[in-house]
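Engineer: Here it is, the structure in full.
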Amino acid sequence: MELCTLPYDHPDSVKLISELQQVYLARYGEVDVTPVDPAQFSAPLGHFVVGYLDNAPVACGGWRAHDVVEEALRPGDAEIKRMYVVDSLRGRGLSRVVLAALEDAARAAGRTRMVLETGTRQPEAIGLYEAVGYGRIDNFGVYRHHPDSLCYGKAL
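Counting in the UniProt record's numbering, the sequence shown runs from 1 upward without gaps.
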């Protein structure tokens, strides 16, 4: 898989994010309502990648900086958003490639910790994050009191 740094609102990014929102709709009955501004995923305070196989977009993910103390968040955090691999290619390690690239980019940008929110109905995501060293942290953001929400963090 070839990873390309692209804007959050690039057509290939939008296509994959739309597919991911359909997964949320199927699993939770609603899309992710976390406020997101595409500019948040631009350097130096953010990063977004799309993975390609045979010139087709098949995976994506990004991070955005957080530099305020708020709930479980602290200065230096990078929040992962929109991690996704198309259904037909899951289980092949592509999400690990995207995640490693996001961690590397965040580290290079001076971020000190990765944080994320996922849900109880995403066991494959939970398994991935726990397998690569993410641990539970207090919930934050719009899902801080949501019963299906789980938040994780990992020092960089």
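For glycine and all other residues, C-beta sits at the position ideal for the given N, C-alpha and C. It should be emphasised that the depicted structure is a prediction, and the values quoted were computed from it without experimental measurement.
1) Taking the C-alpha atoms as reference points, what is the distance between G135 and Y129?
2) CB-CB under 8 Å to T34, same chain, minus the five flanking residues each way: which ones, in chain order?
3) Assuming contact is defined by CB atoms lying nearer than 8 Å, are A72 and N139 in contact in what I supplied?
4) Note down, in chain order, each residue of its chain lying with its Cβ closer than 7 Å to the Cβ of V36, except the 5 sequence neighbours on either side.
5) Would you give the residue range spanned by the beta strand (DSSP E) that G46 belongs to?
6) Excluding the 5 residues flanking E70 on each side, which residues of the same chain have their C-beta closer than 8 Å to its C-beta?
7) Classify P57 as helix, strand or coil using the three-state DSSP reduction.
Structural biologist: According to the structure data:
1) Position 135 of the sequence shown holds residue 135. Position 129 of the sequence shown holds residue 129. G135 and Y129: Cα-Cα distance of roughly 8 Å.
2) Translated into the one-based positions of the sequence shown, residue 34 becomes position 34. For T34, where only same-chain residues beyond five positions count, the Cβ hits under 8 Å are K81, E117, G141, V142, Y143.
3) Within the sequence shown, numbered from 1, the residue matching residue 72 stands at position 72. Within the sequence shown, numbered from 1, the residue matching residue 139 stands at position 139. In contact: A72 and N139 (Cβ atoms closer than 8 Å).
4) Translated into positions along the sequence shown, residue 36 becomes position 36. Excluding sequence neighbours, V36 sits near K81.
5) Here residue 46 is taken as the residue at index 46 of the sequence shown, counted from 1. Unbroken beta strand (DSSP E) run through G46: 46 to 53.
6) Here residue 70 is taken as the residue at index 70 of the sequence shown, counted from 1. For E70, where only same-chain residues beyond five positions count, the Cβ hits under 8 Å are F140.
7) In the sequence shown, the residue the question calls residue 57 occupies position 57. Three-state result, P57: strand.
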